[in-house]
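Enquirer: So the sequence lines, in the order shown, correspond to chains A and B.
For the first sequence, the working numbering begins at 25 and goes up steadily by one.
For the second sequence, the working numbering begins at 25 and goes up steadily by one.
This is the structure I want to talk about, given as structure tokens.
Number of protein chains: 2
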Amino acid sequence: MTMDVGRAGLRERKRLATRRAIEFAALGLVADKGLDGVTIDEISRIANISPRTFFNYFASKESALVGDAPELPPAEAVSAYVNATSGSVFDGLGALLANATEGESNDTELLLLRRGLLKEYPQLFAMRMAAMRAFEEQLREVIALRLVADDPSLVADDDLVLSRSRLITHVAFGAMKHAWTRWADNEGGVPLRDRLKESFDELGRILGPMGAV
Amino acid sequence: MTMDVGRAGLRERKRLATRRAIEFAALGLVADKGLDGVTIDEISRIANISPRTFFNYFASKESALVGDAPELPPAEAVSAYVNATSGSVFDGLGALLANATEGESNDTELLLLRRGLLKEYPQLFAMRMAAMRAFEEQLREVIALRLVADDPSLVADDDLVLSRSRLITHVAFGAMKHAWTRWADNEGGVPLRDRLKESFDELGRILGPMGAV
DNA sequence: GTGCAAATTTGCACGGAGTGCAACAATGTT
DNA sequence: AACATTGTTGCACTCCGTGCAAATTTGCAC
């Protein structure tokens, strides 16, 4: 009965602190000594936990480095996209992804360390993308809803909606990777949100005139 | 002086045979017992080599499963694409990728086993995509050439060409993944080449009218 | 604050992954 | 046949990752 007073409880707060300590130790050490120059024993020593506990939080050194996958934005933002009456399927996707990736309310400190490492180690970037599998499927379902909203006659053709939403999701992720790369290059400190808008806009510019050639 | 008689030499032929034996053993065992139910010791036993030798051929169980990255098609095919005067940058990319992926003259036997596993284990598919990093960069350079051929005024703007070629490469890979997924679903035994054409065509259909909405 | 239940941390033991090294074997060359 | 080159193997070693059970910490009710 006396719960929910102090917002989260000691246990939860301690867990988050430990998690952050591990991530911070891992990111710092790898930035220092390179991905292969760091062992889980070292990370655990810096984070003041036992090596066994490390594996209670992360499945591998890499998972501690790449961070969590994003989540879909709030339902209102999603349905605003689904029911939008102007623009193509791609318009608005950039903003949706921006909201999703900003949802990671992680420390700026961790965020920047991580960005540097993901840029330096393509394998880590690939793992991060792989970790987004579930998010990718969520996004595809949203896109499928939008496709049907745009053209109600598609309700009858599940296969077509599936195939088309998959293709659009893949392409959108391509634009997202592009935006992320430019953001990580960090020319002028442009926020990721802006890079996402730029990439999706450029996508429109490149592809818009396709049929007209 | 007496070299090059028997085409390749005993050594080379033996190496290829061993490589294939390892791949075959690995794919078969994993198809049987699942990815985590197979050890490198087992694979080595079936392939009749020592576990140590396994690592002379592959860096990990996974690398033995996912296969090699494709290579660019012959120079004529590439420059035909670069200097094409009709269609958008995307037209012809499907065919180019089809030639590249077919370049893997691997046995059909291995190819089908591998396809099944890549479909069953998304992590393996992700690793295969990650292994294509070098190929992706090659493709990007080709695309950059095409961009400049289409609009010579771009020669002056390296940054724009780089950014745009990256974006297009990402999008093209998205279409490729889409095609591969549909091919792996194997409805009607449609060849990968045809799926690639379908995906790139659908991409054009979806994106062509973007500016007109 | 005492006591009990639930969650968390830790040590330990174990098998698999991956690498350097040096001995040995097979192949290529003259 | 002799020599050089390349490939194979066993060995030792470190690190990864997991199951299990003991010890510790926290939540909660009284």
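Note that the Cβ used here is the ideal one computed from N, Cα and C, for glycine as well.
Keep in mind the model is a prediction, meaning the values are calculated, not measured.
Within the same chain, show all residues whose beta-carbon is closer than 7 Å to that of Arg188 of chain A, passing over the 5 residues directly before and after it, in chain order.
Expert: Within the first sequence, numbered from 1, the residue matching residue 188 of chain A stands at position 164. The answer, listed in chain order, is Leu171.
Enquirer: If you draw a straight line from the alpha carbon of Pro176 of chain B to that of Ser68 of chain B, how long is it in whole angstroms?
Expert: Stepping through the second sequence from its first residue, residue 176 of chain B is reached at position 152. Stepping through the second sequence from its first residue, residue 68 of chain B is reached at position 44. About 55 Å.
Enquirer: Please list, in chain order, the chain B residues whose beta carbon lies closer than 9 Å to that of Arg206 of chain A.
Expert: Taking the first sequence and counting its residues from 1, the one referred to as residue 206 of chain A is at position 182. Chain B residues near Arg206 of chain A: Ser187, Arg190.
Enquirer: In the structure shown, what three-state DSSP assignment does Val29 of chain B receive?
Expert: The count along the second sequence starts at 1 and reaches residue 29 of chain B at position 5. Caution applies to Val29 of chain B, whose pLDDT of 41 falls short of 50 and renders its modelled position unreliable; the model cannot decide the point.
Enquirer: Please report the Cβ distance between Gly127 of chain B and Pro75 of chain B, rounded to the nearest whole angstrom; I am assuming they are in contact, meaning their Cβ atoms lie under 8 Å.
Expert: Counting from one through the second sequence, the residue named residue 127 of chain B turns up at place 103. Counting from one through the second sequence, the residue named residue 75 of chain B turns up at place 51. Gly127 of chain B to Pro75 of chain B, Cβ: 31 Å. No contact.
Enquirer: Counting only Cβ pairs nearer than 8 Å, list the residues of chain A close to Gln162 of chain B.
Expert: The residue you call residue 162 of chain B lines up with position 138 of the second sequence. The premise fails here: Gln162 of chain B is roughly 15 Å from chain A at the closest Cβ pair, so nothing lies under 8 Å.
Enquirer: Is DSSP giving Ala236 of chain A helix, strand or coil here?
Expert: Locating residue 236 of chain A in the first sequence gives position 212, counting from the first residue. Confidence at Ala236 of chain A is low in this model, with a pLDDT of 43, below 50, so its placement is unreliable and the value that follows should be read with caution. In this structure, Ala236 of chain A counts as helix in the three-state DSSP scheme.
Enquirer: To the nearest angstrom, how far is the alpha carbon of Glu133 of chain A from that of Ala155 of chain A?
Expert: Locating residue 133 of chain A in the first sequence gives position 109, where the first residue counts as 1. Locating residue 155 of chain A in the first sequence gives position 131, where the first residue counts as 1. So the two alpha carbons sit approximately 21 Å from each other.
Enquirer: Which residues of the segment 215-231 of chain A have a Cβ closer than 8 Å to any Cβ of chain B? Give them in chain order.
Expert: If the cut-off is 8 Å between Cβ atoms, the segment 215-231 of chain A has Ser223, Glu226, Leu227, Gly228, Ile230, Leu231 near chain B.
Enquirer: Measure the C-alpha to C-alpha separation of Leu191 of chain B and Lys38 of chain B and round it to an integer number of angstroms.
Expert: Residue numbering aside, residue 191 of chain B sits at position 167 when the second sequence is read from its first letter. Residue numbering aside, residue 38 of chain B sits at position 14 when the second sequence is read from its first letter. Looking at the two C-alpha atoms, the distance is approximately 42 Å.
Enquirer: For Ser74 of chain B, name the three-state secondary structure that DSSP assigns.
Expert: On the second sequence, position 50 is the one that residue 74 of chain B refers to. Coil, per DSSP.
Enquirer: Roughly how many angstroms separate the alpha carbons of Glu211 of chain B and Glu47 of chain B, rounded to a whole number?
Expert: By one-based count along the second sequence, residue 211 of chain B stands at place 187. By one-based count along the second sequence, residue 47 of chain B stands at place 23. Cα to Cα, the separation comes out at about 26 Å.
Enquirer: Quick one: Cα of Pro146 of chain B to Cα of Ala41 of chain B, how far?
Expert: In the second sequence, residue 146 of chain B corresponds to position 122, counting from 1. In the second sequence, residue 41 of chain B corresponds to position 17, counting from 1. Between Pro146 of chain B and Ala41 of chain B, the C-alpha separation is close to 28 Å.
Enquirer: Considering Ser87 of chain B, what are the terminal residues of the alpha helix (DSSP H) in which it resides?
Expert: The residue given as residue 87 of chain B occupies position 63 in the second sequence. Here the alpha helix (DSSP H) through Ser87 of chain B covers 85-90.
Enquirer: If I follow the unbroken alpha helix (DSSP H) through Leu169 of chain B, where does it start and stop?
Expert: Sequence index remark: in the second sequence, residue 169 of chain B carries index 145 (1-based). Unbroken alpha helix (DSSP H) run through Leu169 of chain B: 157-174.
Enquirer: Taking 8 Å as the threshold, find out whether the segment 190-210 of chain A comes into contact with the segment 102-119 of chain A through three or more Cβ pairs.
Expert: In short, these stretches touch, since the Cβ pair count reaches three.
Enquirer: So, is Ala236 of chain A buried or exposed, given that buried needs 16 or more other C-beta atoms within 10 angstroms?
Expert: Position 212 of the first sequence holds residue 236 of chain A. Note that Ala236 of chain A scores 43 on pLDDT, short of 50, meaning its location in the model is unreliable and no value can be drawn from it.
Enquirer: Check for me: the alpha helix (DSSP H) holding Ser177 of chain A runs from which residue to which?
Expert: Taking the first sequence and counting its residues from 1, one reaches residue 177 of chain A at position 153. Premise fails: Ser177 of chain A is in no alpha helix (DSSP H) and is neither H nor E.
Enquirer: Compare the C-beta of Ala49 of chain B against all C-beta atoms of chain A and say whether one is closer than 8 Å.
Expert: Numbered from its first residue, the second sequence carries residue 49 of chain B at position 25. So no, Ala49 of chain B is outside the interface.
Enquirer: Mapping the DSSP letters down to three states, classify Lys221 of chain A as helix, strand or coil.
Expert: What you label residue 221 of chain A is simply residue 197 of the first sequence in a count that begins at 1. Of the three classes helix, strand and coil, the one that applies to Lys221 of chain A here is helix, per DSSP.
Enquirer: Starting from the C-beta of Leu227 of chain A, find all residues in its chain whose C-beta is less than 7 Å away, skip the five residues before and the five after it, and write them out in chain order.
Expert: Looking up residue 227 of chain A in the first sequence gives position 203. The answer, listed in chain order, is Phe114, Ala199.
Enquirer: Can you give me the Cβ contacts of Asp28 of chain B inside the same chain, cut-off strictly under 8 Å, excluding the 5 residues immediately before and after it?
Expert: For the purposes of this step, residue 28 of chain B is taken as residue 4 along the second sequence, with counting starting at 1. Any answer about Asp28 of chain B is weak, because its pLDDT of 43 lies below 50 and its placement is not dependable; what the coordinates show is given next. Around Asp28 of chain B: no qualifying Cβ.
Enquirer: What does the Cβ neighbour count give for Leu136 of chain A, buried or exposed, with the cut at 16 atoms within 10 Å?
Expert: Taking the first residue of the first sequence as position 1, residue 136 of chain A is located at position 112. With fewer than 16 other Cβ atoms within 10 Å, it is exposed.
Enquirer: Around the Cβ of Thr125 of chain B, are there at least 16 other Cβ atoms within 10 angstroms (buried) or fewer (exposed)?
Expert: The sequence position of residue 125 of chain B within the second sequence is 101, counting from 1. Flag for Thr125 of chain B reads buried.
Enquirer: Where Ser84 of chain B and Val179 of chain B are concerned, what is the direct C-alpha to C-alpha distance, given to the nearest angstrom?
Expert: One-based indexing of the second sequence puts residue 84 of chain B at position 60. One-based indexing of the second sequence puts residue 179 of chain B at position 155. Roughly 43 Å separates the two Cα atoms.
Enquirer: Output, in chain order, the set of chain A residues within a Cβ distance shorter than 7 Å of Gly52 of chain B.
Expert: Within the second sequence, the letter at position 28 stands for residue 52 of chain B. Those do not exist, as Gly52 of chain B stays about 25 Å from chain A at its closest Cβ, beyond 7 Å.
Enquirer: Might you give, ordered along the chain, the residues of its own chain that have their beta carbon closer than 7 Å to the beta carbon of Ile167 of chain B, omitting 5 neighbours on each side?
Expert: Locating residue 167 of chain B in the second sequence gives position 143, counting from the first residue. Only Val113, Ser189, Ile192, Thr193 meet the Cβ criterion.
Enquirer: If you drop the 5 nearest sequence neighbours on each side, which residues of the same chain put their C-beta closer than 7 Å to that of Arg164 of chain A?
Expert: Your numbering for residue 164 of chain A matches position 140 in the first sequence. The residues are Ser189, Arg190, Thr193.
Enquirer: Against chain B, which members of the segment 127-150 of chain A pass a CB distance test of less than 7 Å?
Expert: Cβ contacts with chain B come from Pro146, Gln147, Ala150.
Enquirer: Please report the residue range of the alpha helix (DSSP H) in which Glu100 of chain B lies.
Expert: As a working mapping, residue 100 of chain B is identified with position 76 in the second sequence. 99-106 is the extent of the alpha helix (DSSP H) around Glu100 of chain B.
Enquirer: Could you give the residue range of the alpha helix (DSSP H) that holds Phe82 of chain B?
Expert: As a working mapping, residue 82 of chain B is identified with position 58 in the second sequence. Note, Phe82 of chain B: premise wrong, no alpha helix (DSSP H); not H, not E.
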